[in-house]
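What follows is one structure encoded as structure tokens, with my remarks underneath.
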Amino acid sequence: EMILKQFCFLLAVFFCVIQCRLPPQKRGEYTLSTRCIIEMEPYIRTMYQDQVKMCHICHNVALQCQICDNPSCGIKIHNPCVGRYFKGKPEPHCPSCDEFWPHEI
């Protein structure tokens, strides 16, 4: 079953690469464009629901994010969402557990 999931994901990535006409990167590796990730988000959520990080604010896949330092919380917030959410707040606190948010805003 895992091999089938990996094959389906690889096939989806291949079609995305072809559609976006991405040139191969160093060592033959590909990176997915933002558009490709957005188009594949439903698939990624379904196939990798245990591994994918979701933004606590916008609820989309979070590739670059900040994570709450509280081990019992650990929510993730996109870097752009962090800026919007904490804008104008003198002391930023986690929207889930209310712990101080020590990361750069």
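FYI, the numbering for the sequence shown is -20 to -1, 1 to 85, going by mature numbering (1 follows the signal peptide of the UniProt record, and there is no 0).
All C-beta atoms in this analysis are idealised placements derived from N, C-alpha and C, irrespective of residue type, glycine included.
{"Check": "Helix, strand or coil at residue 41 [DSSP, three-state]", "Outcome": "strand"}
{"Check": "Contact check, residue 85 vs residue 66, beta carbons under 8 Å", "Outcome": "yes"}
{"Check": "Spatial distance of residue 81 from residue 25 (CA atoms)", "Outcome": "27 Å"}
{"Check": "DSSP state of residue 29 mapped onto helix, strand, coil", "Outcome": "coil"}
{"Check": "Nearest to residue 18 (by Cα), restricted to the options 75, -15, 39", "Outcome": "39"}
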